[in-house]
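Student: Dropping a structure here in structure tokens format, bear with me for questions.
Residue numbers (my numbering): 388 to 549.
Here you go:
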């Protein structure tokens, strides 16, 4: 691509053939050192930006970012779903175990019908963090906030690591 080229070779190519001597080219190479330094900074920044853009809001990528940030080999930081006590009403054709609604006079367990996401104020998923990383809680929150999809919420849970 246009950004991947060798500055020294380009300088040799642009230089007139009558000036292509060792001493002159050594002086030109010294003048090119700041440009080479800026170019290497550009390439490293470009690589970081591409790595950052390749990570999306999927669970596996968020786990990868968190584990790579703290150099964890065994993937000690992991994401789980929040276990909910949800009851669903099914249609007969779905062949599921039916959930019955009862009258108050029958004295059965009360069941509520609710919309998806209604009443779940704790979050959409749990980020499990080992106890030795509890000091980095703010940094972990910042990373998750940067990569999580919009509208999703999470809960940090610190577990004891052996």
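Every residue, glycine too, gets a C-beta built ideally from N, C-alpha and C.
Where do the N-terminal and C-terminal ends of the beta strand (DSSP E) with residue 546 fall, by residue?
Tutor: Taking the chain shown and counting its residues from 1, the one referred to as residue 546 is at position 159. Note, residue 546: beta strand (DSSP E), 541-546.
Student: Run through DSSP, which three-state label would residue 468 get?
Tutor: For the purposes of this step, residue 468 is taken as the residue at position 81 of the chain shown. Three-state result, residue 468: strand.
Student: Using three-state DSSP, classify residue 432 as helix, strand or coil.
Tutor: Translated into the one-based positions of the chain shown, residue 432 becomes position 45. DSSP places residue 432 in helix when its eight states are reduced to three.
Student: Beta-carbon separation of residue 453 and residue 545 under 9 Å?
Tutor: Taking the chain shown and counting its residues from 1, one reaches residue 453 at position 66. Taking the chain shown and counting its residues from 1, one reaches residue 545 at position 158. No, they are not a contact pair.
Student: Once DSSP output is grouped into helix, strand and coil, what is the label at residue 442?
Tutor: Counting from one through the chain shown, the residue named residue 442 turns up at place 55. In this structure, residue 442 counts as coil in the three-state DSSP scheme.
Student: Pull up the distance between the alpha-carbon of residue 468 and that of residue 512, whole angstroms please.
Tutor: Position 81 of the chain shown, counted from the start, is the residue given in the question as residue 468. Position 125 of the chain shown, counted from the start, is the residue given in the question as residue 512. Between residue 468 and residue 512, the C-alpha separation is close to 5 Å.
Student: Does the region 414-424 touch the region 451-465, meaning 3 or more C-beta pairs lie closer than 8 Å?
Tutor: Contact fails: fewer than three Cβ-Cβ distances are below 8 Å.
Student: Determine the direct distance from the alpha carbon of residue 438 to that of residue 400, and round the result to whole angstroms.
Tutor: For the purposes of this step, residue 400 is taken as the residue at position 13 of the chain shown. For the purposes of this step, residue 438 is taken as the residue at position 51 of the chain shown. The alpha-carbon atoms of residue 400 and residue 438 are separated by roughly 33 Å.
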